[in-house]
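Novice: First, the structure itself, so that you have it in front of you.
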Amino acid sequence: MNAYLPLVRLARQQWRLYALSILLILLASVSILLAPALLGRVAARIDTSNVGASIDAVWPSIALLGVLLVVQGVFASVFTYTSLVAAERIAFDLRRRFFDALMRHPLDSLTPHERSVSRLISDVSVIQAGLSTNLIVSLRNSLLFVGALSAIAVIDITLALACVAFMGINAWIMWTLYGRVTAGGLHIQELRSRYTSVFTEASSGLFAIQAFAAQDFFLGRFTASLSVANQAIGRNLRLMALATPIAQVAFTLSLGAIVWLGARKVAAGSISSASLISLLAFMYIAISAAGRLNGNAGKLRRAAGVLTVNPLLSDAAFAPAGEADSCSDVVPGAINVAGVGFQFPGSSGPVLRDLSFSVAPGTFTAIVGKSGVGKSTLASLLAGVTRPTEGVVSVGARPGAGGMVIVPQHPCVIAGTIADNIRFGQSDITDDEVRDAAARALLTEFTGPGRTLQYEVSEGARNLSRGQQQRIALARALVRRPSVLLLDEATASLDADSEAGVLALLGAMEGQVTVVAVTHSEAMANCADQVVMIEPGAARVVRCKRPLPAFGAEAVAG
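Per my numbering, the sequence shown starts with residue 100, numbered consecutively.
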């Protein structure tokens with residue numbers, strides 16, 4: 100039962116609706132369980148020697164049976180609706196919490212597939228089905244099974260024990276088969292998220308794919324991931340196809356055995372033929388309910404399993420976010436990196452090792468080095484979005500407005516206006532502040548006469564150049580009036596004049612804002628107060644404004 104606890108904890112969020120559903124399921128089940136007793140009464144009152152009198156005697160029972168079936172249908176429709184509403188509300192909250200957890204989760208601990216949009220779609224859909232249709236089937240059939248078995252025991256305890264024995268064998272067979280089906284289903288869920296991830300990756304890079312005529316390569320990648328999933332689905336379908344006839348054979352043999360035992364008791368005078376009819380009807384209800392319970396248990400285990408294997412859907416992901424490490428012992432605007440190392444999960448070795456340097460408040464530090472030595476990784480460590488595997492990074496500023504902001508190498512530009520992108524969710528920023536930041540970031544094509552910051556950016560920012568996207572990201576940072584500004588190749592897509600304008604802007608910030616820039620630009624590095632040269636396993640620092648020495652020029656050009 101522990102396997103289902105994650106689903107139970109989720110269901111408690113809508114306990115009132117589920118309580119109403121359970122009450123309605125109970126009433127509907129009672130209506131169904133009264134039917135075999137009425138059938139037995141009808142059979143007992145039929146007199147073949149006087150058909151007319153028999154019809155007069157049984158029609159009230161038949162009418163009551165019809166009423167019970169209608170009432171059961173009404174109850175069933177209402178409890179189906181209430182449970183679906185409850186599941187939809189939980190799924191809404193789960194999707195929101197999943198998205199929130201994804202936005203706040205440390206990037207270094209997420210695999211690409213855990214970041215995939217397919218997780219938000221497929222995993223939550225499995226859970227939603229588990230909390231609606233699958234839960235309804237399980238609750239209803241549990242009540243029917245217990246009720247039918249109790250009714251059989253009232254008719255004849257020996258036949259009831261025989262039913263328990265036969266159904267126990269059936270349950271063991273089905274539990275074993277559907278357990279394997281469930282395990283395969285969880286694996287298929289993961290494989291589906293992978294080919295969806297490949298599809299998402301390719302659809303977002305259509306320009307580059309077509310420009311490099313790489314359609315066949317990406318089709319091969321998608322086909323390969325799709326084929327792996329398809330093979331797993333085929334294996335699971337074959338197992339399910341095997342489980343169905345086995346279940347039917349076991350059901351038929353069990354029912355036949357009970358009919359044989361019941362017929363012997365009728366012949367011996369232990370029970371009446373009418374009681375046997377009622378017993379067989381109850382037996383049919385019990386065995387059918389047990390079969391549906393076994394088959395549905397696998398689906399519920401799959402839904403609970405998704406909660407267990409997906410870290411963003413686990414209870415830990417929903418725990419309140421802890422406060423960031425205190426930086427009260429760090430001078431405001433200062434940065435200290437002490438013995439820092441970082442290694443990506445699953446990689447063969449560290450990207451950074453024993454890195455140490457400090458940045459004084461209000462100064463400009465350039466971080467240079469050859470491609471692949473970990474400069475951008477260092478920027479993410481300074482920004483706090485990635486955690487070092489060893490050592491300490493101390494920054495005398497909190498992330499956000501008035502604190503530390505970053506202009507990343509690949510800016511996040513959303514569909515909306517230029518002004519929306521500069522505000523980036525901070526609604527208290529005024530229009531004047533947006534215009535001022537845009538002008539300082541050299542977005543003259545949107546701030547000049549006759550131009551507007553209400554220009555609509557398309558999805559994926561396809562109507563903006565790379566340079567425009569970088570300047571929007573710079574304006575987004577400037578409007579927050581940071582005390583620490585991190586730049587990760589922030590001028591890589593700018594022309595020489597635009598880069599010169601950014602350098603002039605950084606010069607005007609001297610003494611007010613701490614600037615750390617990851618760069619390949621020699622011009623930017625030469626403007627820095629200090630240059631931190633990242634090399635494999637070490638960092639060398641050159642202090643004071645002066646042209647780079649020979650080792651630095653090579654790194655800047657790398």
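Just so it is clear, CB atoms sit at the ideal spot from N, CA and C, and this is done for glycine as well.
Can we say the stretch 332-340 touches the stretch 292-299, given the rule of at least three CB pairs closer than 8 Å?
Specialist: The stretch 332-340 is not in contact with the stretch 292-299.
Novice: Given this structure, state the Cα-to-Cα distance separating threonine 232 from alanine 403, to the nearest angstrom.
Specialist: When rounded, the distance between both Cα atoms is 14 Å.
Novice: Give every residue of the same chain whose Cβ lies closer than 8 Å to the Cβ of alanine 134, excluding the five residues on either side of it in the sequence, and list them in chain order.
Specialist: Counting only Cβ-Cβ distances below 8 Å, and skipping sequence neighbours, we find Leu164, Leu167, Leu168, Ala380.
Novice: Give me the DSSP bridge partner(s) of glycine 515.
Specialist: Beta-bridge pairing links glycine 515 to Val556.
Novice: According to DSSP, phenylalanine 441 sits in a beta bridge with which residue or residues?
Specialist: Leu451.
Novice: With glycine 490 as the anchor, note down where its beta strand (DSSP E) starts and where it stops.
Specialist: Where glycine 490 is concerned, the enclosing beta strand (DSSP E) stretches over 489-494.
Novice: Is cysteine 626 near the ligand ZN - that is, is its Cβ less than 8 Å away from at least one heavy atom of it?
Specialist: This structure lacks the ligand ZN; in fact it carries no ligand of any kind.
Novice: Which residue wins for smallest C-alpha separation from leucine 234, given the options Asp222, Leu109, Thr551, Gly473?
Specialist: Among Asp222, Leu109, Thr551, Gly473, the Cα nearest to that of leucine 234 belongs to Leu109.
Novice: Report yes if the C-beta distance between valine 601 and alanine 591 is below 9 Å; otherwise report no.
Specialist: Not closer than 9 Å, so no.
Novice: Residues bridged to valine 129 by DSSP?
Specialist: In DSSP, valine 129 forms no bridge with anything.
Novice: Measuring only the C-alpha atoms, how far is arginine 188 from threonine 281?
Specialist: C-alpha separation (whole angstroms): 25 Å.
Novice: Tell me where the alpha helix (DSSP H) around threonine 232 begins and ends.
Specialist: Unbroken alpha helix (DSSP H) run through threonine 232: 232-254.
Novice: So, does the stretch 502-510 touch the stretch 563-575, judging by three or more C-beta pairs under 8 Å?
Specialist: Enough Cβ pairs lie closer than 8 Å, so yes.
Novice: Return the chain-ordered list of same chain residues with a C-beta closer than 8 Å to the C-beta of isoleucine 272, the five sequence neighbours on each side being excluded.
Specialist: Closer than 8 Å at the Cβ level, and outside the excluded window around isoleucine 272, lie Ile345, Ala346, Ala349.
Novice: Could one say the Cβ of aspartate 315 lies closer than 9 Å to chain D's Cβ atoms, at least one of them?
Specialist: The displayed structure is made up of one protein chain only, and chain D is not part of it.
Novice: Whose CA, out of Gly468, Pro431, Val491, lies closest to the CA of glycine 502?
Specialist: When each option's Cα is compared against that of glycine 502, the closest is Pro431.
Novice: Do isoleucine 131 and isoleucine 384 count as a contact pair if the criterion is CB distance below 9 Å?
Specialist: In this structure, isoleucine 131 lies closer than 9 Å to isoleucine 384 by Cβ.
Novice: Am I right that valine 450 and phenylalanine 443 are in contact with their C-beta atoms under 8 Å? What's the rounded C-beta distance?
Specialist: Correct: roughly 7 Å between the Cβ atoms.
Novice: According to DSSP, is phenylalanine 523 part of a helix, a strand, or is it coil?
Specialist: Coil at phenylalanine 523, not helix or strand.
Novice: Pick helix, strand or coil for aspartate 663, following the three-state DSSP scheme.
Specialist: Given a span of 100 to 657 for the chain in the structure shown, any question on residue 663 remains unanswerable.
Novice: With a threshold of 7 Å on Cβ separation, who are the neighbours of valine 472 within its own chain once the five nearest residues in sequence on each side are excluded?
Specialist: Closer than 7 Å at Cβ, skipping near neighbours: Ile633, Glu634, Pro635.
Novice: Name the DSSP beta bridge partners of phenylalanine 456, please?
Specialist: DSSP lists Val436 as partners of phenylalanine 456.
Novice: For threonine 613, is the classification buried or exposed, using 16 other Cβ atoms within 10 angstroms of its Cβ as the cut-off for buried?
Specialist: With 16 or more other Cβ atoms within 10 Å, it is buried.
Novice: When burial is assigned at 16 or more other CB atoms within 10 Å of the CB, is isoleucine 256 buried or exposed?
Specialist: Looking at its Cβ environment, which holds fewer than 16 other Cβ atoms inside 10 Å, isoleucine 256 is exposed.
Novice: Assuming leucine 480 and phenylalanine 523 are in contact, meaning their beta carbons sit under 8 Å apart, how far apart are those beta carbons, in whole angstroms?
Specialist: 22 Å between Cβ atoms; not a contact.
Novice: Looking at leucine 399: is its Cβ nearer than 9 Å to the Cβ of alanine 342?
Specialist: No, they are not a contact pair.
Novice: Between the alpha carbons of valine 583 and valine 615, how many angstroms are there, rounded?
Specialist: Each residue's Cα considered, the two are about 8 Å apart.
Novice: Would you call the stretch 529-549 in contact with the stretch 481-491, where contact means no fewer than 3 C-beta pairs closer than 8 Å?
Specialist: Too few Cβ pairs lie closer than 8 Å, so no.
Novice: So, using beta-carbon positions, are glycine 45 and glutamine 314 closer together than 9 Å?
Specialist: This structure gives no information on residue 45, because the portion of the chain shown stretches from 100 to 657.
Novice: Judging by CA-CA distance, which residue of Ser176, Gln171, Gly139, Ile370 is the nearest neighbour of serine 160?
Specialist: Among Ser176, Gln171, Gly139, Ile370, the Cα nearest to that of serine 160 is on Gly139.
Novice: By the 10 Å Cβ neighbour count, where 16 or more other Cβ atoms means buried, how is alanine 478 classified, buried or exposed?
Specialist: By the 10 Å Cβ count, alanine 478 comes out buried.
Novice: Whose C-alpha, out of Ile254, Leu193, Pro581, Val467, is nearest the C-alpha of glutamine 112?
Specialist: Glutamine 112 has its Cα closest to that of Leu193, out of Ile254, Leu193, Pro581, Val467.
Novice: With a CB to CB cut of under 6 Å and the five nearest residues on each side skipped, what residues in its chain are close to glycine 657?
Specialist: Because glycine 657 carries a pLDDT of 40, less than 50, the predicted location of this residue cannot be relied on, and no value is offered for it.
Novice: Would cysteine 626 pass as a contact of alanine 465 if the rule is Cβ separation under 9 Å?
Specialist: Result yes, Cβ atoms of cysteine 626 and alanine 465 sit closer than 9 Å.
Novice: Going by the DSSP bridge assignment, what does alanine 538 pair with across the sheet?
Specialist: Beta-bridge pairing links alanine 538 to no other residue.
Novice: Return helix, strand or coil for valine 86, following the three-state DSSP convention.
Specialist: With the chain running from 100 to 657 in the structure shown, residue 86 is simply not present.
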